[in-house]
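Heads up: the first sequence begins at 19 in this note's numbering, then just goes up one per residue. Ideal placement from N, C-alpha and C gives every residue a C-beta, glycine not left out. Computed from a prediction, not measured in an experiment: that's the story for all the values here. Below is one structure; the comments refer to it alone.
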Amino acid sequence: MSATAQPEVVTRFAPSPTGFLHIGGARTALFSWLYARHHDGRFLLRIEDTDKARSTGAAIEAILEGMRWLGLDWDGHEYYQSQFAARHAEVANDLLARGHAYRCYMTAEELSAGRERAQAERRPYRVESPWRERSDGDADRPFVVRLKAPREGETAIEDRVQGRVVVQNGELDDMVLLRSDGSPTYMLAVVVDDHDMGVTHVIRGDDHLNNAFRQLGIIRAMGWPEPVYAHVPLIHGQDGAKMSKRHGATGVMDYHELGFLPEALSNYLLRLGWGHGDEEIISREDAVRWFDLDHVGKSPSRFDTKKLENLNGHYIREADDGRLAGLVAPRVAPLIGRDLSTAEIELLVRAMPELKPRAKTLNELAENTTFLYRSRPLDFEEKAAQLLAGEAPRLLARAWAALNALDEWSALATEAAVRSTAEVAGVKLGQVAQPLRAALTGRATSPGIFDVLALLGREESLARIADRMDGAE
RNA sequence: GGCCCCAUCGUCUAGCGGUCUAGGACGUCGCCCUUUCACGGCGAAAACACGGGUUCGAUUCCCGUUGGGGUCACCA
């Protein structure tokens, strides 16, 4: 270790396993990850499972899956908060012993009565326990351990994102540290774990800013070093309210399901609330190189699916054809009612250069490939059927004849044949090409028609055309 | 409601007292390319919430108003 070494940066992501990895959580995880990587520090993952009733193993798996999908690797093993209960109690008892906490014997009824009274008198509610100054409680009765928070003065936080934030201590109440069953609350657990894990920078959602003041109470009472705080603004839905279920897809894996690439979501999330000049397309490498807390915006930002789609389209175009085929094949299967064979996947790879510029999601891409795998007779969408009416069958017959006479079957060769067919028939290329597209794909839109011809191959192409041409001629 | 936070085009943002007739991106609308749809290229419309200060000078600093958001558990 060199003499000039800065203290190591340690960040963490601490989700509670009560559901999937939320899009907002994913972004704070991304920021924490980026900050640690930028500073050659460590990024830790801690599962906050102190609420045994709501935590599930499935949720833990879902969160880890989301993290892995986004490429947010954590250092070391993941920590489970519930395993540190004894340590949490130890800290609470230490606080108790040193007079920074007290046993509170207030009943649930007393608590709610106080709350209702405050409500009726229209004044802010704050727990005021008579036990704060008493120590003559009956140890046989249930009690909780509360922090004896300072009443005078104020507490300030120098937040790396929000700036200096000050709260009057009188606003803070004596929060519960240990529940009546002896289990630790979140407030106690986070602080103890962050300290024990050596976390130097607490980067989390803005909704925790108020908690930070309470947590500082514990930190100071214990005489521990205060972490650097960075409370990043929340992500809002289109209506400007905190993103939630009713905004539709809010889970990271929902976006996987919808056909988004992880690098697209990641790039999008990075740009939401953070910017680096005019840069829009940012690689992971550049993100690590450029990321800093100073440029994190202070206001919440709205989630814009259109921009995400645009980014996704970009990354799809950039993606390797083989990789895309691997991702798309499973999405094609349900559309055609069977799995793709090895040969068909190879065809998908070959078709990819023509297919990928035309899709914004993998699902759209899958949808656009089905013409390659459908069996005759094709079914035709409305617009395609229209293209096959009128003169089309007659023109198709002429095109068929020209194509059938070809020695070589390539995009170049078929193009020459179709062009001359149109010329000889005295019509514009489109008048032949459009019916051809409809006959070959069943759709009114598709990749370039000569590429379609080449991809489908001579036999299948001629057969599909024959199905729709005027046999009399 | 108390407390806390926020405020540049419809959206994401650049801007960190003069370089701003405010830049980029998405979206929207034109045009070009073109057998369709995309991709790509070119162009257009589009913002400093309002009112006071401070200053020679405010988008940038301060205060207020308005608007928006967050938070007020023996949940995390």
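With H, G and I counted as helix, E and B as strand and the rest as coil, what does DSSP make of Y391? One-based indexing of the first sequence puts residue 391 at position 373. If DSSP states are grouped into helix, strand and coil, Y391 belongs with coil.
Between the alpha carbons of L430 and G315, how many angstroms are there, rounded? Position 412 of the first sequence, counted from the start, is the residue given in the question as residue 430. Position 297 of the first sequence, counted from the start, is the residue given in the question as residue 315. About 53 Å.
Considering only their Cβ atoms, is the gap separating L39 from V270 smaller than 8 Å? Position 252 of the first sequence, counted from the first residue, corresponds to residue 270. Position 21 of the first sequence, counted from the first residue, corresponds to residue 39. By the CB criterion at 8 Å, V270 and L39 fall inside the cutoff.
Got a sec? Which residues, its chain only, sit under 6 Å from L496 by beta carbon, not counting five neighbours each side? Since the first and last residues shown for the chain are 19 and 491, residue 496 lies out of range.
For L88 versus A44, is the C-beta distance shorter than 8 Å? In the first sequence, residue 88 corresponds to position 70, counting from 1. In the first sequence, residue 44 corresponds to position 26, counting from 1. Cβ distance < 8 Å, so L88 and A44 count as in contact.
Starting from D322, follow the alpha helix (DSSP H) in both directions and report where the run begins and ends. Stepping through the first sequence from its first residue, residue 322 is reached at position 304. Premise fails: D322 is in no alpha helix (DSSP H) and is neither H nor E.
Which two residues bound the contiguous alpha helix (DSSP H) that contains H106? For the purposes of this step, residue 106 is taken as residue 88 along the first sequence, with counting starting at 1. Segment A103 to A115, the alpha helix (DSSP H) holding H106.
Return the CA-CA distance between P352 and P243, expressed in angstroms with no decimal places. Here residue 352 refers to the residue found at position 334 when the first sequence is read from its first residue. Here residue 243 refers to the residue found at position 225 when the first sequence is read from its first residue. Those two C-alpha atoms are separated by around 56 Å.
For A440 versus L421, is the C-beta distance shorter than 8 Å? As a position in the first sequence, residue 440 is number 422, starting the count at 1. As a position in the first sequence, residue 421 is number 403, starting the count at 1. In this structure, A440 sits away from L421, with a CB-CB distance that is not shorter than 8 Å.
Which of helix, strand or coil does DSSP assign to A71? Taking the first residue of the first sequence as position 1, residue 71 is located at position 53. In this structure, A71 counts as coil in the three-state DSSP scheme.
Would R222 pass as a contact of T36 if the rule is Cβ separation under 8 Å? Residue numbering aside, residue 222 sits at position 204 when the first sequence is read from its first letter. Residue numbering aside, residue 36 sits at position 18 when the first sequence is read from its first letter. When the beta-carbon positions are compared, R222 and T36 stay at least 8 Å from each other.
For S198, which residues from the same chain have a beta carbon less than 8 Å from its beta carbon, with the 5 sequence-adjacent residues on both sides left out? On the first sequence, position 180 is the one that residue 198 refers to. Within the same chain, S198 has close Cβ partners P160, F161 and V162.
For P245, which residues in the same chain have their Cβ closer than 7 Å to its Cβ, ignoring the five residues on either side in sequence? Along the first sequence, one-based indexing puts residue 245 at 227. Within the same chain, P245 has close Cβ partners D212, V217, T218, H219 and V220.
Just the C-alpha distance for S34 and E66, rounded to the nearest angstrom, thanks. Taking the first residue of the first sequence as position 1, residue 34 is located at position 16. Taking the first residue of the first sequence as position 1, residue 66 is located at position 48. So the two alpha carbons sit approximately 5 Å from each other.
Helix, strand or coil, according to DSSP, for K260 in the structure here? Here residue 260 corresponds to residue number 242 of the first sequence, with the count starting at 1. Of the three classes helix, strand and coil, the one that applies to K260 here is strand, per DSSP.
Smallest Cα separation from R307: which of H57, E26 and A369? The count along the first sequence starts at 1 and reaches residue 307 at position 289. Minimum Cα distance to R307 is reached at H57.
Whole angstroms is fine: what's the gap from E477's alpha carbon to A484's? One-based indexing of the first sequence puts residue 477 at position 459. One-based indexing of the first sequence puts residue 484 at position 466. The straight-line gap from Cα to Cα measures roughly 11 Å.
Cut-off 7 Å between Cβ atoms - residues of its own chain near R335, not counting five sequence neighbours on either side: Residue numbering aside, residue 335 sits at position 317 when the first sequence is read from its first letter. Contacts found: K374 and P375.
Just to confirm, is the Cβ distance from A110 to L190 under 8 Å? The residue given as residue 110 occupies position 92 in the first sequence. The residue given as residue 190 occupies position 172 in the first sequence. No, the pair does not count as a contact, with Cβ atoms beyond the cut-off.
Just list the beta strand (DSSP E) runs in the stretch 111-198, keeping only unbroken ones of 3 residues or longer that don't cross its boundaries, in chain order. Within the stretch 111-198, complete beta strand (DSSP E) segments of at least 3 residues are found at 119-122, 162-165, 172-177, 181-186 and 194-196, given in chain order.
Just the Cα atoms here: how many angstroms apart are V346 and I354? By one-based count along the first sequence, residue 346 stands at place 328. By one-based count along the first sequence, residue 354 stands at place 336. C-alpha separation (whole angstroms): 13 Å.
How many angstroms separate the CA atom of Y97 from the CA atom of R64? Here residue 97 is taken as the residue at index 79 of the first sequence, counted from 1. Here residue 64 is taken as the residue at index 46 of the first sequence, counted from 1. About 4 Å.
P243, DSSP secondary structure in three states: As a working mapping, residue 243 is identified with position 225 in the first sequence. Coil.
Alpha helix (DSSP H) segments (min. 4 residues) lying fully within the stretch 284-367: Here the runs fully enclosed are 302-308, 323-336 and 339-354.
Residue range of the alpha helix (DSSP H) that V442 falls in? Here residue 442 refers to the residue found at position 424 when the first sequence is read from its first residue. A429 to A443 is the extent of the alpha helix (DSSP H) around V442.
Can you check DSSP and say which residues form a bridge with F31? Reading the first sequence from its first residue, position 13 is the one you call residue 31. Its beta-bridge partners are L63.
Just how far apart, CA to CA, sit A267 and Y273? Taking the first residue of the first sequence as position 1, residue 267 is located at position 249. Taking the first residue of the first sequence as position 1, residue 273 is located at position 255. Our two residues, A267 and Y273, have alpha carbons roughly 7 Å apart in a direct line.
Identify the continuous alpha helix (DSSP H) that holds G269 and give its terminal residues. Counting from one through the first sequence, the residue named residue 269 turns up at place 251. First-last for G269: undefined, no H or E at that position.
Looking only at its own chain, which residues have a Cβ that is under 7 Å from the Cβ of A402, when we skip the five neighbours before and after it? Residue numbering aside, residue 402 sits at position 384 when the first sequence is read from its first letter. Closer than 7 Å at the Cβ level, and outside the excluded window around A402, lie A456, G460, R461 and A462.
Of the choices V145, Y204 and S301, whose alpha-carbon is the least far from that of R133? Numbered from 1 along the first sequence, position 115 holds the residue referred to as residue 133. When each option's Cα is compared against that of R133, the closest is V145.
Let me make sure I understand the geometry here. Which of Y333, E297 and L252 has the alpha-carbon closest to that of F278? In the first sequence, the residue the question calls residue 278 occupies position 260. Ranking Y333, E297 and L252 by Cα distance to F278 puts Y333 first.
Give me the DSSP bridge partner(s) of P202. Taking the first residue of the first sequence as position 1, residue 202 is located at position 184. Answer is L196, bridged to P202.
Burial state of L329, where buried means 16 or more other Cβ atoms lie within 10 Å: As a first step, residue 329 is located in the first sequence; it is residue number 311 there, counting from the start. Under a 10 Å Cβ-count criterion, L329 is classified as buried, with 16 or more other Cβ atoms of the shown protein chains found around its own Cβ.
Beta carbon of L288 nearer than 8 Å to that of A305: Against the first sequence, residue 288 aligns to sequence position 270. Against the first sequence, residue 305 aligns to sequence position 287. A contact, by the Cβ cut-off of 8 Å.
So which of A174, G155 and A377 has the shortest CA-CA distance to Q186? In the first sequence, counting from the first residue as 1, residue 186 sits at position 168. For Q186, the closest C-alpha among the options A174, G155 and A377 is that of A174.
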